[in-house]
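A.B. asks: Chains as they are written, first to last, in UniProt numbering: chain L, 1 to 297; chain X, 1 to 596; chain F, 1 to 242. Just so you know, even glycine gets a beta-carbon here, dropped at the ideal spot from N, CA and C. Could you have a look at this structure, given as structure tokens, before my questions?
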Amino acid sequence: MLQFILSGLAIGSVYGLIGMALAISFYVTRVINFAQGQIMMVAIMITATISSAGYSPWIAVILGLLSSCIVAVLSYVIAVKPILAFNRFSFGWLVSTLGFAVMLENAAAYLWGPTSRPFPAILNGYSIHIANAVLTGQQVLAIAVAIVFAAAFELVRKRTLYGKLGVAVATDPDMASAIGGNTTVVAIAAFAISGLFAGVAGILIGPSTFANPYLGSTYGISGFIAMMIGGGTEKPLSAMFGGLLLGVLANGANALIDSQASDWFPFLVLVIILIVTPRGLFSSGGFSFPRLMRRAR
Amino acid sequence: MTKSPFNRRLLTVVLLVVYVMATWLAANASLSIQSLVLVAGVFGILAISLDLVAGMLGLYSLGQGGFFGIGSYVTAIAVADLNVSPFLLLPVVIVVSGLCGVIIGAMSLRVSGLYFAITTFIFTLVLTVMATDMQITGGTQGLLGPAFPDFPTGLAWLGAPVAWCILLALLAAAALVWNIRRSPLYPVLLSIRDAEPFAEAAGVRTSAIKIGIFGLSAAMAGTAGWLFSFLGVVSPGQFDWSVSLNVLVMVLVGGINTTLGPLVGAAFVSMFPAVVDINPWLEEVLYGALSILAITVFPEGVVGLIRRQFGKTVQSPVISEDAGAVAPSAVPPTRATDMAGGDIAVECRGIEFSYAVGPKVLRDVNVVVRRGHIHGLIGPNGSGKSTLANVIAGRLRPVAGAIFVKGQQVNGVSPSGRARLGLRRTFQAAQLVRELTTSQNVSVGLYTKIPGIVRRAAIWPLLPSGQRDLGWMTTQAVAALQSVGATNWTERRIGDVPHGVEQLTQLASVCVAAPDIIILDEPATGLSSGEVDHLARILSQLKAQGVTMIIIEHQTRFLLPLCDRVTVLNAGEVVLTATADEVRAHPIVRQVYLGE
Amino acid sequence: MSPLSNPALEISALSAGYGRFDVIRDVALRVGKGEAVALLGPNGAGKTTVLRAIMSLIKNRRGSIRIGDTDVSDFPPHRVASGYAAIAPEGRRLFTELTVEDNLVLGAFHLRHEKARVAALLASVYELFPVLLNYRQRRSSFLSGGEQQMVAIGRMLMSDPEILLLDEPSIALSPVAVGIVVKALLELRRRGASLLLVEQRVDIATQVCDRLYIMTHGEIVEEMTPDDIRRQGFDIINKYLG
């Protein structure tokens, strides 16, 4: 019981980080960056390549994170900004961000080949006993890093002037530029941060998945489910809670139903949650029956 | 458009013959070419099914791949396990996928367009996972689809029967959407897409239509899946989210909301791998890059681009400066006066309104509008006039109080329901479809007057009654535009007309339905002084016909002489309801309007 | 030296619009240093469009806009907002998720490296609207309409601009709140601010401003003083404002 909750929290923090990455870019631009999973994959591939070339894994990790930030900013410049400039309310970004994802995935498969490559173990070799449960050092690291990043994000958003400017751009971009905010710079910053979150998720998961160009869609979709369950479209932090819940539920389904259950169980949860409370569990409105009834009328 | 109906019919026949001959060629072509054409044909149907909802209703479905999968799997499983004839399965597939569409639409469309896209995306994900994990679907390996029955030996010269089936189905799908585009439902659909409040105010049940059309689109995608199952193996990879994405790419690259665009896009996307012969990964990279490029550089797609390059350049008609001099022709049709409710047309009792946060916008508002009166509603900006109009028309629900229209309590009645009661309205900021002409916009106002407009849309141009009704609607719409003084603008698109003409178009779309009660929200905004005088004359004529009007207006010089009664609102409260002269003399009115 | 010889804002030949039609055409107006000018006109005349064009919030615009000694015609909005012009828009448009003080401090975004100046500006806003001191940490969406308008005006003042643009500050306010806003505008005038006020209510415009422009159909059709309006009374109102 404790074992699957803890390891669920560990994988859930990775989903949560990807979910937050999706939510952060959505928060500022109202665009879901469907290439987010592939951006995570880029961090994994770069880290694996640099460390297998003989450099220290820590240098590899830093360069991997840097590359995912850069690719995320590129996705904004190439696939998002031109669309929003044409029409802020069109859905062209569905095509362009998914197109960007296709490009990243296949370019990676072409450059590195479709097979898995080794990834530095980081803390995967250590194990830690908590009561009757065993976690790897990497799993503990995942939970700790997720908490630190989520908290740091909220702190920056709520307590710094730049964070508040981000909130301003999210609520009313026109007015934010009329008080002196450069909305393009804010959007680029948001995408860079989202790339960092996705990259961190990749570094955390890499030691157990190894480096494979096709990792992107699986984890991208899990992150998307985390965001939708949590209600990250309204508040990025909610995506982290959604991710943790998703991780525990998927692990629980594996342990209690059958070993395939984690393939479909998250979708079942998502569908039920979206039917009951379309804005997600942890959104500002939250779960409220009266609101539901009002919508039903 | 000088082609005579005969020429047009001849052209249609020639095109049909060419299409049938091309089908015969394809049915007898080599297997590789045949499969290329047939896959493109199936995707063409899928693209058309998406264009139906995305182009005409603005609903970007990412679920087409899912419905496509339902069609394929139902067919493959039923033929293999139950050994039924594939033709018996077609209606089953249509009903099942259509129902799925209706359920998903009903679940998600209440929230928003983005939410709809997300829900359909999740639907596709769920189906892919189910197809991969379940025993009956054969897992990642998939199932072998059924073989298509052969032609009887005498007809063998026709070639492969499956080719005929797919290409004729493609023709039918294209014809269906073409028919809808030429039916009076088309302007209604676009008005739901671009100006939903306007459509509702014309009596259109917008959610029901959205859900219904999405169901139709899902059924078409299911049919495409049924056809696809005859082309070989059915496996999960053929229906995952990337297929839904590809269908969207087809529609957007080819040109959204055009007849040919989805077909051009489908041909491009499905033949791309066969034409570009390079490393498969590089080919995918190129494909991704091209779709980004297409959507950013040509947001209107190939067909849209061609249309822009070679489209006819229309000349701006001379704005008739003496619009006021045009004698308004007898304002629209005769109406059977409905005397329900006796002397009182609209009554508001104790209306209170506030948004979720913030102070009360309306406080204990009581207004009685008598039948046949012009009732003015004035007050400074933000005093709650438009809010009151929205409460009466049903767009906003009051927190407390009751509204009566013709004696009937209408608190629970939707805006479209109130429109069908004979209550029509205009909007402060004109809500119209920019890419349609003024007369097409006006014809939306006739929605409730045409029986079975939705049912008949699919075969409209083929119906003799369809041609007749279309003609009648156009005449009515043009007459209504003439009567409001927009004679010169009847064939211009709303995107190309000045603001004043938009206002007149709104008014015409309301008048054309011959309503009992009209709410006009700042009708004189943006009109020149000549047009304002003309408007005053039209309103007097409507009054002479017994129409009750509630008019919100700032231009008191225009409004007050027309009014039987005037209600003054300030900060959400009724200051007084009285005759125009009494209102002019009132101290608050003098202060606000005169600075005294 | 008359205020007009050294204007805070000078616009000439300004045309702007959203689609293919210009909402405003060939607009010319001046606001002198320390002067208050009103823009009156019926709904849809293009008054708000003038203000949005000054803030560079409309892409499709032509003509010249000078603020002080600088030609800001080609500036992007965030540069115009950096000490040249600031706006209290129609409907307030506060950043509803943020507190009152956050809204105010964001108003001084371009002064973010000058802490002392921001503190002084903040103090002067609280001096103008002491009631806001009670709500510093309250989310701005929980304020009443009048208080929200005070925050919007305060946010505009925080960037310490050369010209203040106010779009219908009296809209949807109770008579008491309107009184407070008018008092604040008069106090700003006493402090020497230059302001361009878009109003629908003639009484407020005549009370606050030195000169009035009348706008209809996207053009400025008349320039007059409050005295002209008082002398000519209903006639002038009927002629232009209905």
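(1) Any contact of the region 109 to 117 of chain X with the region 223 to 231 of chain X, i.e. 3+ C-beta pairs under 8 Å?
(2) Under the assumption that residue 149 of chain L contacts residue 197 of chain L (Cβ atoms under 8 Å), give the Cβ distance between them as a whole number of angstroms.
(3) If we ignore side chains and look at the alpha-carbon of each, how far apart do residue 23 of chain X and residue 164 of chain X end up?
(4) Rounded to the nearest angstrom, how far is the Cβ of residue 222 of chain X from that of residue 71 of chain X, given a contact under 8 Å?
(5) Between the C-alpha atoms of residue 36 of chain F and residue 194 of chain F, what's the straight-line distance to the nearest angstrom?
(6) Would you mind sorting residue 87 of chain X into buried or exposed? The rule is 16 or more other CB atoms within 10 Å of its CB.
(7) So which residues on chain F does residue 381 of chain X lean against when the C-beta distance must stay under 7 Å?
(8) For the alpha helix (DSSP H) that contains residue 213 of chain X, what are its first and last residues?
(9) In three-state terms, what does DSSP make of residue 268 of chain X?
(10) Within the same chain, show all residues whose beta-carbon is closer than 7 Å to that of residue 166 of chain L, passing over the 5 residues directly before and after it, in chain order.
(11) Compute the Euclidean distance between the alpha carbons of residue 332 of chain X and residue 509 of chain X, then round it to the nearest angstrom.
(12) Which residues mark the beginning and the end of the beta strand (DSSP E) in which residue 364 of chain X is found?
(13) Along chain L, in chain order, which residues have C-beta atoms closer than 7 Å to that of residue 291 of chain X?
(14) With three or more C-beta pairs closer than 8 Å as the rule, is the region 181 to 196 of chain X touching the region 420 to 433 of chain X?
(15) Considering only the alpha carbon of each residue, which of X/525, X/562, X/521 lies closest to residue 539 of chain X?
(16) For the region 197 to 228 of chain L, enumerate the residues whose C-beta is nearer than 7 Å to any C-beta of chain F, in chain order.
(17) Can you find a C-beta in chain F that's less than 8 Å from the C-beta of residue 182 of chain L?
(18) Assuming residue 199 of chain F contacts residue 168 of chain F (C-beta within less than 8 Å), just tell me the rounded distance between them.
(19) So residue 36 of chain F is in the beta strand (DSSP E); what residue range does that whole segment cover?
(20) List the residues of chain X whose Cβ lies closer than 7 Å to the Cβ of residue 260 of chain F, in chain order.
(21) Could you give the C-beta distance for residue 493 of chain X and residue 448 of chain X, rounded to a whole number, given that I count them as a contact under 8 Å?
(22) Between the C-alpha atoms of residue 218 of chain X and residue 49 of chain X, what's the straight-line distance to the nearest angstrom?
(23) Compute the Euclidean distance between the alpha carbons of residue 57 of chain L and residue 211 of chain X, then round it to the nearest angstrom.
(24) Over what stretch of residues does the alpha helix (DSSP H) that includes residue 509 of chain X continue unbroken?
(25) Nearest-angstrom Cα distance between residue 55 of chain F and residue 500 of chain X?
(26) Using a C-beta to C-beta distance shorter than 7 Å, which residues of chain F count as neighbours of residue 167 of chain L?
(27) Could you check the C-alpha separation between residue 451 of chain X and residue 57 of chain F for me, to the nearest Å?
(28) Around the C-beta of residue 41 of chain L, are 16 or more other C-beta atoms found within 10 angstroms, so that it is buried, or is it exposed?
(29) What in chain X is Cβ-close to residue 217 of chain F, meaning under 7 Å?
(30) Do you know how far the Cα of residue 107 of chain F is from the Cα of residue 78 of chain F?
(31) Note down, in chain order, each residue of its chain lying with its Cβ closer than 6 Å to the Cβ of residue 324 of chain X, except the 5 sequence neighbours on either side.
(32) Verify whether the separation of the beta carbon atoms of residue 230 of chain L and residue 247 of chain L is less than 8 Å.
(33) I'd like to check one pair, residue 201 of chain L with residue 59 of chain L: are the Cβ atoms closer than 8 Å?
(34) So, helix, strand or coil for residue 222 of chain F, using DSSP?
(35) Determine the chain L residues that contact residue 320 of chain F at a beta-carbon separation under 9 Å, and present them in chain order.
(36) Report the residue from F/30, F/23, F/98 whose alpha carbon sits nearest the alpha carbon of residue 155 of chain F.
C.D. replies: By the coordinates alone:
(1) Segments in contact, no.
(2) Residue 149 of chain L to residue 197 of chain L, Cβ: 6 Å. Contact.
(3) Approximately 6 Å, taken between the alpha carbons.
(4) Right, their Cβ atoms sit about 4 Å apart.
(5) C-alpha of residue 36 of chain F to C-alpha of residue 194 of chain F: approximately 6 Å in a straight line.
(6) Classification for residue 87 of chain X: exposed.
(7) Under the 7 Å cutoff, chain F gives 168, 171, 200.
(8) Start and end: 206 to 228.
(9) Residue 268 of chain X falls in the helix class under three-state DSSP.
(10) The answer, listed in chain order, is 28, 157, 186, 190.
(11) The predicted position of residue 332 of chain X is uncertain, since its pLDDT is 47 and thus under 50; a value taken from the coordinates is nonetheless stated next. Spanning the two alpha carbons is a distance of roughly 11 Å.
(12) For residue 364 of chain X, the enclosing beta strand (DSSP E) starts and ends at 360 to 370.
(13) Neighbours of residue 291 of chain X on chain L, chain order: 95, 99.
(14) The region 420 to 433 of chain X, when compared against the region 181 to 196 of chain X, does touch it at the 8 Å Cβ threshold.
(15) Checking every option, the nearest Cα to that of residue 539 of chain X belongs to X/562.
(16) If the cut-off is 7 Å between Cβ atoms, the region 197 to 228 of chain L has nothing near chain F.
(17) It does; some Cβ of chain F falls within 8 Å.
(18) Yes, residue 199 of chain F and residue 168 of chain F are in contact; Cβ-Cβ is about 6 Å, under 8 Å.
(19) That run of the beta strand (DSSP E) goes 36 to 40.
(20) Absent from the structure is residue 260 of chain F, since the part of chain F shown begins at 1 and ends at 242.
(21) That pair is no contact at about 25 Å.
(22) Their backbone Cα atoms lie some 7 Å apart in a straight line.
(23) Taking the straight line joining both Cα atoms gives about 54 Å.
(24) Unbroken alpha helix (DSSP H) run through residue 509 of chain X: 499 to 511.
(25) Answer to the nearest angstrom: the Cα atoms are 27 Å apart.
(26) Within chain F, the residues near residue 167 of chain L are 95, 97, 98.
(27) Spanning the two alpha carbons is a distance of roughly 47 Å.
(28) With 16 or more other CB atoms across the displayed protein chains lying within 10 angstroms of its CB, residue 41 of chain L is buried.
(29) In chain order, 528 make up the part of chain X whose C-beta sits under 7 Å from the C-beta of residue 217 of chain F.
(30) The straight-line gap from Cα to Cα measures roughly 11 Å.
(31) Caution is warranted here: a pLDDT of 38 is assigned to residue 324 of chain X, below 50, making its placement in the model unreliable, and no coordinate value can be reported.
(32) No; because the gap between Cβ atoms is not below 8 Å, this pair is not in contact.
(33) Against a cut-off of 8 Å, the Cβ pair of residue 201 of chain L and residue 59 of chain L comes out as no contact.
(34) Three-state result, residue 222 of chain F: strand.
(35) One cannot answer for residue 320 of chain F here, as it falls past the ends of chain F, which runs 1 to 242.
(36) Closest in alpha carbon position to residue 155 of chain F, among F/30, F/23, F/98, is F/98.
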